[in-house]
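Below is one structure, written out as structure tokens, with a few remarks after it.
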Amino acid sequence: MFDTHRPYLASVAYRLLGSVADTDDVLQDAWLRWRTVDHGAVEDPRAYLTRTVTRLCYDLLRSARVRREAYVGEWLPEPAVVEEVSPAERAVVGEEVSLAMLAVLEKLTPAERTAFVLHDVFAVDFAEIATALDRSPEAVRQLASRARRRVGEQSGRSRPVDPTE
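At position 93 of the sequence shown the residue is numbered 93 (full-length UniProt numbering), and the sequence of numbers has no breaks.
Below is the structure:
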């Protein structure tokens, strides 16, 4: 079951982290957690795995931000190495995230980045994201809205934010 969702989970993790090595580490940790869970008790494996990967990424982002505070240079994301993938995997993963977009995402707080990427890129609903971030759905909606505004400012094109998003 994990392998079925692996391309999607890898895409989520890479877009949140911007690092192939960190993505691999998160997927390994998620797989180890998946092995120990009672699969019969998991109603929606994809949602469970998404929540697990999201939580691992969020924790890593928070600790990475602390580690990078001592580094004086600009953080640059790693380019993803694209291996041969099946058409099904390509449909799930979609287009590569540009390095420029990852650099813009790095300007967001870990919570903003997580809310923005999961909702706006992967169409995960706010209630599910709220569970992963231990926040209310309304707080997550505000995080995503703030992130959209900041991404628009950083990329040089600002669009009005719909408060119902």
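Beta carbons are placed, not taken as given, at the ideal position from N, Cα and C, and that holds for glycine.
Residue burial classification, residue i (beta-carbon count within 10 angstroms, cutoff 16)
i: D59; result: exposed
i: A147; result: buried
i: S155; result: exposed
i: S19; result: buried
i: S63; result: exposed
i: V124; result: buried
i: A10; result: buried
8 Å CB neighbourhood of residue i in its chain, flanking five on each side removed
i: T52; result: A30, R33, W34
Pair within 8 Å by beta-carbon distance, residue i and residue j
i: P137; j: F126; result: yes
i: L49; j: F2; result: yes
i: V117; j: A130; result: no
i: R113; j: L16; result: yes
i: residue 168; j: A103; result: As displayed, the chain neither begins before 1 nor continues past 165, which places residue 168 out of reach and without an answer.
i: E128; j: A47; result: yes
7 Å Cβ shell around residue i - same chain, five flanking residues per side excluded
i: A13; result: T23, V26, L27, V53, C57
Cβ neighbours of residue i in the same chain (closer than 6 Å, five flanking residues each side left out)
i: A132; result: R51, T54, R55
i: P45; result: M1
i: V151; result: V104
Delimiting residues of the alpha helix (DSSP H) encompassing residue i
i: V140; result: 137–154
**Q.** Within the UniProt domain "RNA polymerase sigma-70 region 2" (1–65), ranges of the alpha helix (DSSP H) (whole runs, at least 4 residues)
**A.** 2–17, 20–36
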